[in-house]
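One structure is given below, encoded as structure tokens.
Protein chains in written order, with our numbering: chain A, 107 to 420; chain B, 4 to 299.
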């Protein structure tokens with residue numbers, strides 16, 4: 107077990123090294139002189155030379171990479187060319203919001219998907235099952251950012267039930283944050299809820315046919331005990347796999363959905379960075395996203411082996 | 004014994020398996036398959052005949068008709084600068100078709116080539132290729148697309164390149180797996196013994212037998228590709244205005260919340276197209292899946 111975890115951690119570090127090199131190399135090779143980006147077109151050749159000297163922009167690229175990586179490991183990701191803001195501080199203030207949205211979206215997906223899937227499986231072949239299955243099929247085809255726009259139009263603008271945009275951190279203003287997070291979390295988590303519904307339904311149908319479920323019923327257990335205590339845990343393994351595989355996708359969804367709800371998270375940082383060709387910002391944000399995805403994948407791998415004891419640690 | 008008779012006697016190639024109905028017949032036999040086929044055909048026709056179908060020039064700005072509600076003159080209303088939404092939707096179908104076809108098509112060709120070579124050669128080359136493929140596959144579609152766009156910049160062509168990068172590994176994995184199985188078939192061994200060169204074996208013997216599954220996979224990925232492209236255009240990193248794209252049109256309506264039609268109809272178009280691709284892909288998979296066929 108310890109060896110397995112170590113091996114996975116080493117592979118995450120290796121992946122991060124490769125990805126950081128790719129991110130650094132391509133952003134460094136972007137067309138255009140970084141010295142001009144920093145100083146503006148009006149600058150003199152002498153000023154540009156000074157800036158190149160200051161930032162070591164004339165050094166060989168591998169040397170620049172090692173220096174950049176060393177500083178990044180110390181938490182120094184450079185400054186935004188545009189706003190002179192510290193990239194590490196930008197990340198520190200924006201990342202919690204994006205991660206919070208991703209987490210709430212996951213919560214929405216699980217809270218809707220699992221009960222709906224169980225219910226559909228128990229009502230198999232009846233109208234309820236048909237309705238849930240059809241809704242899940244439709245929900246999985248709705249573009250998530252359009253769902254966000256629709257939610258604002260209906261719930262916020264028409265009905266005035268919830269605010270249309272803004273954000274607050276849960277640990278600072280719990281109630282306010284919940285109110286602001288409901289709509290974006292539904293938008294990001296909606297299609298995943300549909301996916302979980304379908305997966306739970308089919309896994310439950312399979313498990314409900316197993317011998318131990320029949321035994322449970324035969325010995326006189328109540329139906330809800332059979333379903334919740336005996337069938338459900340066994341049906342959860344494929345569901346957790348799907349949740350794990352999709353958790354990274356939620357992060358991507360959150361980045362785009364931030365734009366819909368005017369949330370200043372990592373998303374706007376990346377998008378503005380790309381438009382302004384602000385390479386320290388792009389590098390920092392991308393490095394953070396890649397790290398998050400790698401850590402999510404690692405967590406899922408480990409969780410999977412914990413949930414299903416039949417999986418061996420090779 | 005000639006090579007062809009040896010081939011058919013030893014192991015009949017699956018793509019020659021007789022079918023009771025044609026593929027199209029099997030697809031449209033199911034209600035969902037029929038819906039998918041109709042939707043996708045309709046979108047393709049709309050894209051081709053856009054200039055004949057659109058009532059207005061999709062880029063013509065009319066400051067006297069800004070954000071007008073749907074009416075007889077503008078069936079789906081006008082947008083934030085008075086352009087006809089129906090006309091922009093019709094021309095937007097072109098962008099969607101171009102992006103989906105070129106990105107999925109490009110990824111299919113590139114991924115199949117990598118998968119065929121890796122699966123056929125095995126060994127070090129296969130190991131190396133699959134390591135790279137697996138590490139790319141660890142990234143969610145949208146995150147990877149954003150990463151590529153961050154590196155090469157926004158725009159239509161770059162969005163297509165980003166999506167080719169995103170989808171190539173999936174095709175490489177699928178084709179490599181099938182190639183590993185197919186290369187041990189008797190008819191492939193027969194072709195090898197007959198002195199065929201590897202390229203000939205790959206193209207004549209192996210490729211035709213994995214083409215079906217690859218196409219089904221492509222049609223299932225098409226809906227994801229459409230959503231990814233729309234999402235990129237929505238945040239302004241994909242197709243650049245004034246070219247009408249469905250994703251960008253949704254974001255344009257966000258400054259006019261009371262004019263719901265500006266954002267609503269483009270989203271509906273994406274939704275219907277995605278539903279169409281999903282249903283068509285599912286029906287194609289069911290029609291081509293030999294295990295399901297045997298069970299019928």
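For each residue, glycine too, the CB sits at the ideal point set by N, CA and C. Here the structure is a predicted model, which is why all the values come from computation and not from measurement.
Item, Value
"Report the residue from B:160, B:164, B:117, B:169 whose alpha carbon sits nearest the alpha carbon of residue 142 of chain B.", "B:169"
"According to DSSP, is residue 189 of chain A part of a helix, a strand, or is it coil?", "coil"
"Grouping DSSP H, G and I as helix and E and B as strand, with all else coil, what is residue 65 of chain B?", "coil"
"With H, G and I counted as helix, E and B as strand and the rest as coil, what does DSSP make of residue 384 of chain A?", "coil"
"May I ask you to list the residues that DSSP assigns as paired with residue 81 of chain B?", "B:87"
"So is residue 382 of chain A in contact with chain B if we call contact Cβ pairs under 8 angstroms?", "no"
"By how many angstroms is the C-alpha of residue 295 of chain A removed from the C-alpha of residue 214 of chain A?", "6 angstroms"
"Would residue 303 of chain A count as contacting chain B if we go by Cβ distances under 8 angstroms?", "no"
"Along the chain, where does the alpha helix (DSSP H) containing residue 150 of chain A start, and where does it finish?", "Premise fails: residue 150 of chain A is in no alpha helix (DSSP H) and is neither H nor E."
"Evaluate residue 108 of chain B with the Cβ neighbour count: other Cβ atoms within 10 Å of its Cβ, from every protein chain shown; 16 or more gives buried, anything less gives exposed.", "exposed"
"Would a check of beta-carbon distances place residue 177 of chain B closer than 8 angstroms to chain C?", "The question asks about chain C, but that chain is absent: this structure's protein chains are A and B."
"Near residue 399 of chain A, what residues of its chain come up, given a Cβ to Cβ distance below 7 angstroms and the 5 sequence neighbours on each side ignored?", "354, 357"
"Let's see if you can read the secondary structure: which residues bound the alpha helix (DSSP H) around residue 161 of chain B?", "159 to 185"
"Throw me the rounded Cβ distance for the residue 251 of chain A and residue 363 of chain A pair, which I believe falls under 8 angstroms.", "6 angstroms"
"Straight-line CA distance for residue 114 of chain A to residue 265 of chain A?", "49 angstroms"
"What is the residue span of the alpha helix (DSSP H) that residue 259 of chain A lies within?", "Here residue 259 of chain A belongs to no alpha helix (DSSP H), and DSSP marks it neither H nor E."
"Does the beta-carbon distance from residue 253 of chain B to residue 88 of chain B come in below 8 angstroms?", "no"
"On a Cα-Cα basis, can you pick out the residue from B:172, B:131, B:123 that is closest to residue 183 of chain B?", "B:123"
"Please confirm if residue 295 of chain B has its CB atom under 8 angstroms from at least one CB of chain A.", "Caution is warranted here: a pLDDT of 48 is assigned to residue 295 of chain B, below 50, making its placement in the model unreliable, and the coordinate value is therefore given only provisionally. Closer than 8 angstroms: no."
"Starting from the beta carbon of residue 281 of chain B, find every residue of chain A whose beta carbon is closer than 9 angstroms, and list them in chain order.", "243, 246, 247"
"If you reduce the DSSP assignment to three classes, tell me which class residue 364 of chain A lands in.", "helix"
"If we cut at 8 angstroms on Cβ distances, does residue 274 of chain B have a partner in chain A?", "yes"
"With contact counted as at least three CB pairs below 8 angstroms, one residue from each stretch, are the segment 179 to 195 of chain A and the segment 388 to 399 of chain A in contact?", "yes"
"Going along the chain, which residues of the segment 340 to 356 of chain A sit with their C-beta nearer than 7 angstroms to a C-beta in chain B?", "354, 355"
"Hey, out of A:287, A:168, A:198, A:309, whose CA is closest to residue 230 of chain A's CA?", "A:309"
"By the 10 Å Cβ neighbour count, where 16 or more other Cβ atoms means buried, how is residue 206 of chain B classified, buried or exposed?", "exposed"
"Could you compute how far the alpha carbon of residue 146 of chain B sits from the alpha carbon of residue 113 of chain B?", "21 angstroms"
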